[in-house]
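Under the working numbering, read the sequence shown as residues 7 to 185, first letter to last.
Encoded as structure tokens, the structure appears first; notes follow it.
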Amino acid sequence: MPASPGGGTAVREQSGDAVNAGDPRALRASLGRFATGVTIMTAAGNGGGPVGLTANSFTSLSLDPPLILWSLRADSPSLFAFEVGAHFAVNVLADAQVDLSRRFASRVPDKFAEVAYAVNDSGVPLLHGAAAWFECRTESRQAAGDHVLFIGAVLRHSASEQEPLLFHSGHYRLLGGLL
Ligand SMILES: Cc1cc2nc3c(=O)[nH]c(=O)nc-3n(C[C@H](O)[C@H](O)[C@H](O)COP(=O)(O)O)c2cc1C
Numbered sequence: 007m008p009a010s011p012g013g014g015t016a017v018r019e020q021s022g023d024a025v026n027a028g029d030p031r032a033l034r035a036s037l038g039r040f041a042t043g044v045t046i047m048t049a050a051g052n053g054g055g056p057v058g059l060t061a062n063s064f065t066s067l068s069l070d071p072p073l074i075l076w077s078l079r080a081d082s083p084s085l086f087a088f089e090v091g092a093h094f095a096v097n098v099l100a101d102a103q104v105d106l107s108r109r110f111a112s113r114v115p116d117k118f119a120e121v122a123y124a125v126n127d128s129g130v131p132l133l134h135g136a137a138a139w140f141e142c143r144t145e146s147r148q149a150a151g152d153h154v155l156f157i158g159a160v161l162r163h164s165a166s167e168q169e170p171l172l173f174h175s176g177h178y179r180l181l182g183g184l185l
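Encoded structure:
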């Protein structure tokens, strides 16, 4: 492998063999190398009770104005609630909330049964015990491949002292030590 023009190591020398992005399993495996936190996105629902799902597509987008983004599978039964509701919340999960993450990633009929939460002025659930909360108004949404991209304007937020839950290569993890 030749050295790159700048004298540094060529990128491919440190990487595995590149595969075509058309293979979803391989793409998922490479994407999974990006470690994230875990959130539960919640909305008021549309008369049928609150709605929520586990999501790690959440990321910060802008500080001024304060914006965040996340994406939801376009065929999700939860999509309607996030489309009709003007508000939603991001619940950043704490490391003690792995069971909650699994529950909200499942298809159980009532995800909120026996889950402790408060409801904000917009009727959006805020889950007890989270590491942080962002109460948002939907700024925009757009179809993007097999997902819908939501951008939220942050109206209110708060944080707790809880350590966050992490997700990496298909596994939940605890926060490690400082480098
Ligand atoms: C760690 C983790 C992260 C996830 N991130 C997302 C996500 O960002 N967007 C999404 O649509 N589904 C995501 N999912 C899958 C949903 O949580 C799962 O499909 C859930 O059943 C969706 O709820 P629904 O049946 O109401 O669509 C994730 C699952 C896990 C375990």
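Glycine included, every Cβ here is placed at the ideal spot set by N, Cα and C.
Item	Value
Mark ALA16 as exposed unless 16 or more other C-beta atoms lie within 10 angstroms of its C-beta, in which case mark it buried.	Low per-residue confidence applies at ALA16: pLDDT is 49, beneath 50, and the placement is therefore not dependable, though the value from the model is reported in the following sentence. Looking at its Cβ environment, which holds fewer than 16 other Cβ atoms inside 10 Å, ALA16 is exposed.
When you measure from the CB of PHE64 to every non-hydrogen atom of ligand 1, does any distance come out below 8 Å?	yes
What's the C-alpha gap between HIS163 and ALA27?	37 Å
Tell me which residues share the same chain as ARG79 and place their Cβ nearer than 7 Å to its Cβ, disregarding the 5 neighbours each side in the sequence.	ASP152 and HIS153
Got a sec? Which residues, its chain only, sit under 7 Å from GLY12 by beta carbon, not counting five neighbours each side?	Per-residue confidence for GLY12 stands at a pLDDT of 45, beneath the threshold of 50, marking its modelled position as unreliable; the derived number appears in the next sentence. Answer for GLY12: no residue qualifies.
Could you give the uninterrupted runs of the beta strand (DSSP E) lying entirely in the stretch 95-128, keeping only those of 3 residues or more?	123-125
Answer yes or no: the CB of LEU36 versus the heavy atoms of ligand 1, is any distance below 8 Å?	The question names Leu, but residue 36 in the sequence shown is Ser. No, ligand 1 has no heavy atom inside 8 Å of this Cβ.
Helix, strand or coil: which one does DSSP assign to LEU73?	strand
What number of angstroms, rounded off, separates the C-alpha of LEU184 from the C-alpha of THR60?	27 Å
Please classify SER107: is it buried, with 16 or more other beta-carbons within 10 angstroms of its beta-carbon, or exposed?	buried
Starting from ARG31, follow the alpha helix (DSSP H) in both directions and report where the run begins and ends.	30-37
Using 10 angstroms around the beta-carbon of LEU131, count the other beta-carbons present and answer buried if the total reaches 16, otherwise exposed.	As written in the sequence, residue 131 is Pro, which differs from the Leu given in the question. Under this definition PRO131 is a buried residue.
Is there at least one non-hydrogen atom of ligand 1 closer than 8 Å to the beta-carbon of VAL121?	no
Just the C-alpha distance for SER6 and PHE88, rounded to the nearest angstrom, thanks.	Absent from the structure is residue 6, since the part of the chain shown begins at 7 and ends at 185.
Since I believe SER175 is in contact with GLY54 (beta carbons under 8 Å), could you give me their beta-carbon distance rounded to a whole number of angstroms?	GLY54 to SER175, Cβ: 35 Å. No contact.
Got a sec? Which residues, its chain only, sit under 7 Å from ARG143 by beta carbon, not counting five neighbours each side?	ALA92, HIS93, GLY158, ALA159 and LEU161
Evaluate GLN103 with the Cβ neighbour count: other Cβ atoms within 10 Å of its Cβ, from every protein chain shown; 16 or more gives buried, anything less gives exposed.	buried
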